[in-house]
Amino acid sequence: MCGDVTRRLREATFQALIARRRTGQGAWIDLAQRETMAQMIGPAFAAASLRGEAPVHRGNRHPRFAPQGVYACAGQDQWVAISARDDGEWRALAQAIGAGELAGLALAERRARHDELDRKIETWSRRFLPREAAEALQRAGVCAGAVVDCSAIHQDPQLAARGAWVELPHPKSKTWKQPASAWRLVEANPRLRRHAPLFGEHNREILCGLLGHPERELAELEAAGIIGDAPIGAREG
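In this text, residue positions in the sequence shown follow the numbering used here: the first is 17, and each later residue adds one.
Right, dumping it as structure tokens:
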């Protein structure tokens, strides 16, 4: 899962945990499988359309590169992603993990022995934190990156250097890092300027200002429950 699907699932999980803490009752999260699948199935559709290929289950492996995978590191649920994209990168990876005797394996051999190589890589990676492992392999010329979880992603130095986050004050919650615009153009550099609108925040501005309704009609709509500044029946938790 990625993008909006991940964010929606994370938000729903947090809300369910808060509700459980306050009420003692669990929650059922309904996430459409189709939405999740649509985020990641594009390459399979393209391969089937262009070359008539049927998709296969590869997990974290690659149809051409080997070895490739996500490997456990020191700590709980900590991982590093590694991919040897050619013979040179494999030689560098083999030397870095202390398996120099395997550095001469050709691609076909690496594919055939992928399980064995995965075990050797993970024996090495478990000695390090994800960023330590990734940076060591990057220095050796290997394609590698730390798998960053939700609690650590806001402190990721690469994302920070690229200005991936923006902090916006919010009148009803603490300041939180929000994703900045992914688009950087020579002609424009769009950026977030304010927090998301509060419930009913712009009722008066739109109804009385833009549409020209008198103030008394606004009060009547509020009294009738047609508009308001909070959802009907809303409560904390």
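The beta-carbon is built from N, C-alpha and C at its ideal position, and this holds for glycine as well.
Beta-carbon proximity of residue i to residue j, cut-off 8 Å
i: I243; j: N219; result: yes
i: R143; j: A196; result: no
i: A108; j: A156; result: yes
i: V158; j: A112; result: yes
i: C166; j: R26; result: yes
i: T98; j: A152; result: What sits at residue 98 in the sequence shown is Ile, not Thr. For I98 and A152, no; Cβs fall outside 8 Å.
Bridge partners - residue i, DSSP secondary structure assignment
i: V96; result: Y87, A162
i: S189; result: H186
i: P195; result: W181
Buried/exposed call for residue i, threshold 16 Cβ in 10 Å
i: V96; result: buried
i: P83; result: buried
i: I137; result: buried
i: D131; result: exposed
i: P146; result: buried
i: R126; result: buried
i: W140; result: buried
i: E233; result: exposed
i: C18; result: For C18, the predicted model reports a pLDDT of 46, less than 50, meaning its position is unreliable and no value from the coordinates is stated.
Unbroken alpha helix (DSSP H) run spanning residue i, endpoints
i: I12; result: The structure shown does not extend to residue 12, since the chain is modelled only from 17 to 253, so the question has no answer here.
i: F215; result: From DSSP, F215 is part of no alpha helix (DSSP H); its letter is neither H nor E.
i: F61; result: 58-67
i: E117; result: Run containing E117: none; DSSP gives neither H nor E here.
i: A239; result: 231-239
i: R207; result: Segment: none, R207 is in no alpha helix (DSSP H) and carries neither H nor E.
i: L300; result: The question about residue 300 has no answer here: the residues shown for the chain are numbered 17 through 253.
i: A168; result: Neither: A168 is in no alpha helix (DSSP H) and is coded neither H nor E.
i: A152; result: 146-156
Span separating the alpha-carbon of residue i from that of residue j
i: R101; j: L123; result: 10 Å
i: P213; j: I222; result: 13 Å
i: H186; j: E217; result: 13 Å
i: A177; j: E238; result: 47 Å
i: S189; j: D46; result: 27 Å
i: G75; j: G85; result: 8 Å
i: G228; j: S65; result: 54 Å
i: D134; j: A88; result: 10 Å
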